[in-house]
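S.K.: Handing you this structure, nothing more for now.
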Amino acid sequence: DAGVTQSPTHLIKTRGQQVTLRCSPKSGHDTVSWYQQALGQGPQFIFQYYEEEERQRGNFPDRFSGHQFPNYSSELNVNALLLGDSALYLCASSLGGPNPETQYFGPGTRLLVL
Amino acid sequence: EDQVTQSPEALRLQEGESSSLNCSYTVSGLRGLFWYRQDPGKGPEFLFTLYSAGEEKEKERLKATLTKKESFLHITAPKPEDSATYLCAVRPLRSYIPTFGRGTSLIVHP
């Protein structure tokens, strides 16, 4: 049973650049959520995708955008990168519907902005 | 606003020395409380979901309990491989957004 996968594992960018992170959900899951985790902090919710639409968004600027594909995989795009965007970006999948339950996390993508 | 506070921030135990981690929360209507284990540089690994006060779940040396204001993660006779950061999160009824605590960093010495 394939778990949640993310790519790339590590990424180095410079300020002002754009980045795209990718996620494939756990087999059978149709809902994908993205989180940002700074060092020493808990994950912060960015947004959740269900049925190829953004279902809910956390307190992140419009520079953060996403997409979900028909096969339920998802992308997170961040434009105009800032130094403060350096973090571990986590994707989590769950079984959706009106009451999505437990989320399972991927290994994360470590983004460093210089 | 939903809030989660985990204590202690860090805990050092000797192998076999049982202890408990605390997760205090405030949420307007609890959909679920989640416990995760996170190793350095990796994604959180799901441990338990608790839904209502009085509920308990166990897995190997771990036992999670829930009251209306807090949850405990009891670790019985821990081993060095239990060393990790343990995260607690709550999801409210009205939202898909879980709120995470900052975690408890557990180190178990052999």
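These protein sequences, in sequence, are chains A and B.
All letters in the first sequence, in the order written, are residues -15 to 98 by this note's numbering.
All letters in the second sequence, in the order written, are residues 681 to 790 by this note's numbering.
Where a beta carbon is used, it is the ideal one built from N, C-alpha and C, also for glycine.
1. Just to confirm, are Ser58/A and Gly50/A a CB contact at a threshold of 8 Å?
2. Closer than 8 Å is the cut-off here; do at least three beta carbon pairs connect the segment 782 to 790 of chain B with the segment 727 to 738 of chain B?
3. If you follow the beta strand (DSSP E) that Ser687/B is in, where does it begin and where does it stop?
4. Determine the direct distance from the alpha carbon of Leu746/B to that of Asp682/B, and round the result to whole angstroms.
5. Between the Cα of Gln115/A and the Cα atoms of Tyr73/A, Ser78/A, Asn63/A, which residue gives the shortest distance?
6. Report yes or no: do three or more beta-carbon pairs, one from the segment 13 to 30 of chain A and one from the segment 695 to 711 of chain B, lie closer than 8 Å?
7. Could you pull the start and end residues of the beta strand (DSSP E) that Thr(-7)/A belongs to?
8. Using a Cβ cut-off of 8 Å (strictly closer), state whether Lys722/B contacts chain A.
9. Taking just the CA atoms, how far does Tyr731/B sit from Cys795/B?
10. What are the residues of the segment 65 to 95 of chain A that lie near chain B, defined by any Cβ-Cβ distance shorter than 9 Å?
11. Quick one: does Tyr776/B have its CB under 8 Å from some CB of chain A?
12. Smallest Cα separation from Leu74/A: which of Ala(-14)/A, Pro9/A, Pro45/A?
M.R.: So, to answer that:
1. What you label residue 58/A is simply residue 74 of the first sequence in a count that begins at 1. What you label residue 50/A is simply residue 66 of the first sequence in a count that begins at 1. Cβ distance < 8 Å, so Ser58/A and Gly50/A count as in contact.
2. no
3. For the purposes of this step, residue 687/B is taken as the residue at position 7 of the second sequence. Residues 683 to 687.
4. Position 2 of the second sequence, counting from 1, holds the residue named residue 682/B. Position 66 of the second sequence, counting from 1, holds the residue named residue 746/B. Each residue's alpha carbon lies about 17 Å from the other.
5. In the structure as shown, chain A begins at -15 and stops at 98. Residue 115/A is therefore absent and cannot be evaluated.
6. no
7. Counting from one through the first sequence, the residue named residue -7/A turns up at place 9. Looking at the DSSP string, Thr(-7)/A is not in any beta strand (DSSP E), and its letter there is neither H nor E.
8. To locate residue 722/B, count along the second sequence from 1; it is residue 42. Closer than 8 Å to some Cβ of chain A, the Cβ of Lys722/B qualifies, so yes.
9. Given a span of 681 to 790 for chain B in the structure shown, any question on residue 795/B remains unanswerable.
10. Leu72, Leu74, Cys75, Ala76, Asn83, Pro84, Glu85, Thr86, Gln87, Tyr88, Phe89, Gly90, Pro91, Gly92, Arg94
11. Here residue 776/B corresponds to residue number 96 of the second sequence, with the count starting at 1. Cβ-Cβ to chain A under 8 Å: yes for Tyr776/B.
12. Start at 1 with the first residue of the first sequence, and residue 74/A comes out as number 90. For the residues Ala(-14)/A, Pro9/A, Pro45/A, the minimum Cα distance to Leu74/A belongs to Pro9/A.
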